[in-house]
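In what follows, a structure is listed as structure tokens, so that the remarks can point back to it.
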Amino acid sequence: MSPGAPTMKPSRSSSALLLALGVVLLASPALAKDKVAAAPAEMAAMAAADAHDLCQAILDQNGDELDRFTGEGWTHESGDHTLNGPYFEDVSADRDYEGLGSASVWAVHETYFDHELGYCSFEIDDPAAPIGIGAFANMPGFKGNVEISGQNAFGSWRKVEGPATTLILATKNADRFFYQVTIISDLSAN
């Protein structure tokens, strides 16, 4: 597995994913660090890196990495799972990038008979500075392309190896930055 490449650890217990994120992010206000405001361009680069890293940490159920995001001011809300039973759970989180805009994350974990689906999206509407997607083109272990149309950029990637199918889309334009990861794991292969 390539470092930095998003994966999803197949697990029959989907609640571990959301419990890890929930416990870590619920503590975020108490752990938020005081930071000197960065320029919008620096915050844009940080937001692009966070999109990849936070979604990866959520889908990997990586508590240590989630702790880092908690300390950077992320807040959390978990959906009502009583109607969906044990097979669907979702979580949302948000954070303000000072001088850039507010980011929102939504993640879902669905468990089927012999498959799991993990999805995570990261979005900033009306960013105060452009947020590039070029860095995603260099992710180890991924193939894909970026299309440029004026000031808009659209990227699509697929992980070429590994036990799970991992798909990434990213969009950048003047009105929106959007990043999403979908991971489908075949549990029957384990």
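Sequential numbering of the sequence shown, starting at 10, is according to this note's numbering. All C-beta atoms, glycine included, are put in the ideal place defined by N, C-alpha and C.
Counting C-beta pairs with one atom in each stretch, the region 185 to 198 and the region 130 to 142 have three or more that are closer than 8 angstroms, which means they touch. DSSP, read as helix, strand or coil, puts G143 in helix. Here I193 really is in contact with H124; their C-beta atoms are around 6 angstroms apart, less than 8 angstroms.
When the beta-carbon positions are compared, H85 and F145 stay at least 8 angstroms from each other. Here S165 is near L178, since their CB atoms are less than 8 angstroms apart. The DSSP-derived three-state label of Q189 is strand.
The continuous alpha helix (DSSP H) containing E51 extends over residues P49 to D69. Rounded to the nearest whole angstrom, the C-alpha separation of F151 and A66 is 18 angstroms. Taking 8 angstroms as the cut-off, the Cβ atoms of A112 and Y106 count as close. C-alpha of D73 to C-alpha of N161: approximately 35 angstroms in a straight line.
Per DSSP, reduced to three states, the secondary structure at Y121 is coil, with no helix or strand assignment. Residue environment: V100 is assigned as buried (16 or more neighbouring CB atoms within 10 Å of its CB, all protein chains considered). Closest in C-alpha terms to Y96, from the list K181, L126, D184 and A102, comes L126.
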